[in-house]
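Below you'll find the structure, written out as structure tokens, and then a few comments.
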Amino acid sequence: MEKRLGLTADQKTKVYQVELDRAKKMDAMRTGNPADMKSKRGEMKASMDKAKADLDNILTAEQKTKMETLRAEQREKMKDRKPGMGRGKKDKTPVVSNPPSQG
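Per this note's numbering, the sequence shown starts with residue 1, numbered consecutively.
Laid out in structure tokens, this is it:
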């Protein structure tokens, strides 16, 4: 995302924090009884919507346009996937790529 959107160092740090917070919240919601997942969907959607809004506040107008294009491309890729792909056990560690370098 950093290279595709041309993020500044400050933006990279802020985006990383937003994504890390979102990943932690989503991971916490996924734990527990699988039967509770339906009831947690609203919370999960709200968390994702908040992260999207936070990202939109960090990005410039041009970067937002690029981000929407990337999101649309991702949705198209998801349509081409077979049903059930991506399901199953996953690593419990939240995945957030490219943490900002310290220094």
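Each residue gets a CB set at the ideal place from its N, CA and C atoms; glycine is no exception.
The straight-line gap separating the alpha-carbon atoms of Lys-40 and Met-67 is approximately 27 Å. By the neighbour-count criterion, in which a residue is buried when 16 or more other Cβ atoms sit within 10 angstroms of its Cβ, Ser-101 is exposed.
Around the beta carbon of Gln-74, fewer than 16 other beta carbons lie within 10 angstroms, which makes this residue exposed.
The alpha-carbon of Tyr-16 is positioned some 16 Å away from that of Asp-27. Looking at the backbone, the Cα of Leu-7 and that of Glu-43 are separated by about 29 Å. Across the structure, Gln-11 and Met-78 are spaced so that their CA atoms are roughly 27 Å apart. Residue ranges of uninterrupted alpha helix (DSSP H) with 4 or more members, entirely inside the stretch 5-43 and ordered along the chain, are 9-30. Within the same chain, Cβ atoms closer than 6 Å to the Cβ of Gln-63 are found at Leu-5, the five residues on either side in sequence being excluded.
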